[in-house]
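These notes concern the structure reproduced below.
2 protein chains.
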Amino acid sequence: MDSDYPLEQTPARRRRNKVREAILAAAERMFAKEGESGLSIRRLAEEIDYSPSAIYKYFGSKEELLEELKDSFFERLLDQVDRVSAASRDFHDRARACVTTYVSTATARPHHYAAAFSSVPTPEELAVRQHLSWEDFIATSKGQAFKILVDLVEEGQALGVFDTALDPLKAAKSIWASCHGLALLMIHMPILPDVQPCPTQPDRDFVAYHADIVMRGLAVPAETPHKNGQDS
Amino acid sequence: MDSDYPLEQTPARRRRNKVREAILAAAERMFAKEGESGLSIRRLAEEIDYSPSAIYKYFGSKEELLEELKDSFFERLLDQVDRVSAASRDFHDRARACVTTYVSTATARPHHYAAAFSSVPTPEELAVRQHLSWEDFIATSKGQAFKILVDLVEEGQALGVFDTALDPLKAAKSIWASCHGLALLMIHMPILPDVQPCPTQPDRDFVAYHADIVMRGLAVPAETPHKNGQDS
DNA sequence: TTCAAAAAGTGAACAGTGTTCACAAAAATA
DNA sequence: TATTTTTGTGAACACTGTTCACTTTTTGAA
Chain A
2 MDSDYPLEQT PARRRRNKVR EAILAAAERM FAKEGESGLS IRRLAEEIDY
52 SPSAIYKYFG SKEELLEELK DSFFERLLDQ VDRVSAASRD FHDRARACVT
102 TYVSTATARP HHYAAAFSSV PTPEELAVRQ HLSWEDFIAT SKGQAFKILV
152 DLVEEGQALG VFDTALDPLK AAKSIWASCH GLALLMIHMP ILPDVQPCPT
202 QPDRDFVAYH ADIVMRGLAV PAETPHKNGQ DS
Chain B
2 MDSDYPLEQT PARRRRNKVR EAILAAAERM FAKEGESGLS IRRLAEEIDY
52 SPSAIYKYFG SKEELLEELK DSFFERLLDQ VDRVSAASRD FHDRARACVT
102 TYVSTATARP HHYAAAFSSV PTPEELAVRQ HLSWEDFIAT SKGQAFKILV
152 DLVEEGQALG VFDTALDPLK AAKSIWASCH GLALLMIHMP ILPDVQPCPT
202 QPDRDFVAYH ADIVMRGLAV PAETPHKNGQ DS
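Sequence order for the protein chains is A and B.
All letters in the first sequence, in the order written, are residues 2 to 233 by this note's numbering.
All letters in the second sequence, in the order written, are residues 2 to 233 by this note's numbering.
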């Protein structure tokens, strides 16, 4: 097998990886510009001067190739958020930075972000995934994103900023929904009024605005208990 | 032209509409079950015992047919929200009902809701839509949905429930983002932990939970002004 | 009622798509 | 050097949306 190249890559494998990367690079370019419908195996093969069937020596299907594009994007997204999260010291700043970075990275590659959440599971798939352990979930990149949020909520609660009556899991889910929705709304409905338009980066300031509102929703409530049936 | 049938439909038109409705009904069924990729003109034609080319006597393209499915769904969605909005008297109840109805209706037809927000506009389209008047926008069904939210925010502010320092447009956008995100998260990521699982309708109670958090984010802030740089 | 015009419906074809598979060329291994 | 494995290809299959010349049916008026 790996006779002479004990741990390194044999020239054959390096060459193979080169072709694989070329495929991915071309696919990335086409997908970023025109989305899934614009990424065709045949056009892709044309672009890199190979036959369409050659692609299948590197990827089992178009689906598999797309999966790799989406996964690497989401990991990049996660990296960005992790980075800014480590940068800020103040809790409010860090939380805000996480949200704005998440949304900015998402909207910077609209097709990638939208595609990362595009599959609608069938009832059968749903039944299978129902029996999924928490460990298996946070092993996925989506699960890691969720865990970041849970940690953030717990930290906010420890600091007395967030309401300790809230379940961290629920709160995290709520935050994610709010961020996810804003990102997709900006991607799919850029018509929505941009109250303080900034020509170079429209909606940029609104993201921080939204982030503040979301955080206010988790803050310790005012003195009036009212009839807020929170968390039974 | 309409010689004998002054305002009513001529038998020919009624028959034509019948076929048109049959096409739409079959398309609706297929799309609801399998989504856009599962809806093929040829299978559709097969289903209603017509030739594929016959479809094009009723719809200019598959895109046009899909557009009609999506539009009628979103109008139904809007109707549902309008109905429950008129039903509740108490402001909190009404706001909560709007959110839960919106999300429930969306998740009840996942493919429809997701498809209603699926198009990613190209830079050219984006430039065109930038010059869109507010009147033209609220004439669309999406615009009406947005207007409902703006009105709701203003009412909440008038009642002293919501912070009057908030721009109603921004607040409405923030609410919509949070609802939109929750609906899509439930559609595309049903794996997310369902803390209090309800076997018959999972996630049902979480929607109300999320709605309360969202409303808390718009509530009048606590006495501590802190350094919240809200609305400049 | 007859007749031209309009509408409805069809089969065949075009240009695409993802994917498979037998086969040829090249490279790596023995 | 001979053999096996890898890499790449062209042709074909089974689809897709769409068009168009064509026939059949229906309609409205002379």
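Note that the Cβ used here is the ideal one computed from N, Cα and C, for glycine as well.
Per DSSP, cross-strand counterpart(s) of residue i
i      : result
A:A220 : A:F163
Nearest to residue i (by Cα), restricted to the options the options
i      : options                        : result
B:K143 : B:D72, B:L66, B:Y51, B:L219    : B:D72
A:G234 : A:P111, A:C99, A:F75           : This structure cannot speak to residue 234 of chain A, because chain A is shown only from 2 to 233.
A:S120 : A:I24, A:V196, A:D204, A:L67   : A:L67
B:F207 : A:A172, A:A220, A:A13          : A:A172
B:I42  : B:L25, B:K63, B:V221, B:E22    : B:K63
B:Y103 : B:V129, B:I149, B:R16          : B:I149
B:A128 : A:F92, A:T141, A:L153, A:P191  : A:P191
A:P194 : B:L133, B:V221, B:S86          : B:L133
A:D83  : A:T123, A:S38, A:F147, A:Y51   : A:F147
B:W177 : A:D213, A:L185, A:K34          : A:L185
A:H93  : A:E136, A:L153, A:F74, A:R30   : A:L153
A:V100 : A:A223, A:H189, A:R15, A:S175  : A:S175
A:S179 : A:Q202, A:D164, A:A209, A:T165 : A:A209
B:F75  : B:V151, B:S38, B:A117, B:V221  : B:A117
A:A33  : A:Y57, A:H113, A:R16           : A:H113
B:Y59  : B:T141, B:S38, B:T123, B:A23   : B:A23
B:L70  : B:R16, B:R30, B:R14            : B:R30
B:R21  : B:D213, B:A55, B:V85           : B:A55
Interface residues of chain A facing residue i [CB-CB closer than 7 Å]
i      : result
B:G218 : I214, V215, R217, G218
B:S120 : H189
Interface residues of chain B facing residue i [CB-CB closer than 7 Å]
i      : result
A:S175 : H211, I214
A:F138 : I192
A:K143 : M190
A:S179 : A178, S179, G182
A:A239 : What is shown of chain A runs 2 to 233, which leaves residue 239 of chain A out entirely.
A:P12  : None at all; the shortest Cβ gap to chain B is about 41 Å.
Whole-number beta carbon distance between residue j and residue i, since they are thought to touch under 8 Å
i      : j      : result
B:H211 : B:L167 : That pair is no contact at about 19 Å.
B:M216 : B:A96  : 6 Å
B:L45  : B:A28  : 6 Å
B:A107 : B:L78  : 7 Å
B:L219 : B:G157 : 7 Å
B:Q131 : B:I139 : About 17 Å separates the two Cβ atoms, so there is no contact after all.
B:D164 : B:P222 : 6 Å
A:L170 : A:V151 : 6 Å
Within chain B, partners of residue i - CB distance below 8 Å
i      : result
A:G36  : V121
A:A223 : A220, V221, P222, A223, E224
Interface partners of residue i on chain A, CB under 8 Å
i      : result
B:F207 : K171, K174
Closer than 9 Å at the beta carbon, the chain B residues around residue i
i     : result
A:L70 : Within 9 Å Cβ-Cβ: nothing; A:L70 doesn't reach chain B, min ~15 Å.
Chain-ordered neighbours of residue i on chain A, where CB pairs are closer than 9 Å
i      : result
B:R130 : P191, I192
Interface positions of the segment 40-66 of chain A facing chain B (Cβ-Cβ less than 8 Å), listed along the chain: none
Residues in the segment 93-106 of chain B having any Cβ partner in chain A nearer than 7 Å: none
Contact set between the segment 146-161 of chain A and chain B, restricted to residues whose Cβ is under 8 Å from the partner: F147
Interface residues of the segment 77-90 of chain B facing chain A [CB-CB below 8 Å]: none
The segment 19-30 of chain A: positions lying closer than 9 Å to chain B by Cβ: none
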